[in-house]
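What follows is a short report on a single structure.
Residue numbers (the working numbering): 2 to 101.
What follows is the structure, given as structure tokens:
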């Protein structure tokens, strides 16, 4: 919730966990290798006004699930789709094949 507020200036409330999985191992250009436990939460906006709250972002925009920009990482698109579909059970993604 804090990260969303910092990056978009929007306050959100978590509805529930919808997906969890392992991301990695990922090798960075400097040689570091990391793995991450990834959690995806379905949230809704409770306040604020969309804006760029930090220097990491240049814009905040809304897209329909079927009109997401083509350059979004496939793993991120999958997370978005699962959150929007709001499955009854938590999706256990295991290891994301895109990063295996």
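The beta carbon of each residue, even a glycine, is placed where N, CA and C say it ideally should be.
Between the stretch 38–46 and the stretch 22–29 there are three or more inter-stretch CB-CB distances shorter than 8 Å, so the stretches are counted as touching. For residue 74, the three-state secondary structure derived from DSSP is coil. A Cβ-Cβ separation of about 5 Å places residue 11 in contact with residue 46 under the 8 Å criterion. If you check the CB distance, residue 18 and residue 91 come in under 7 Å.
Of the residues assessed, residue 84 falls on the buried side of the cut-off, its CB having 16 or more other CB atoms within 10 angstroms. Non-local C-beta neighbours of residue 2 in its own chain, meaning closer than 7 Å and more than five positions away in sequence, comprise 13, 15, ordered along the chain. Where residue 7 is concerned, the enclosing alpha helix (DSSP H) starts and stops at 3–9. The beta carbon of residue 87 is closer than 7 Å to those of 19, 43 in its chain, skipping five residues each way along the sequence.
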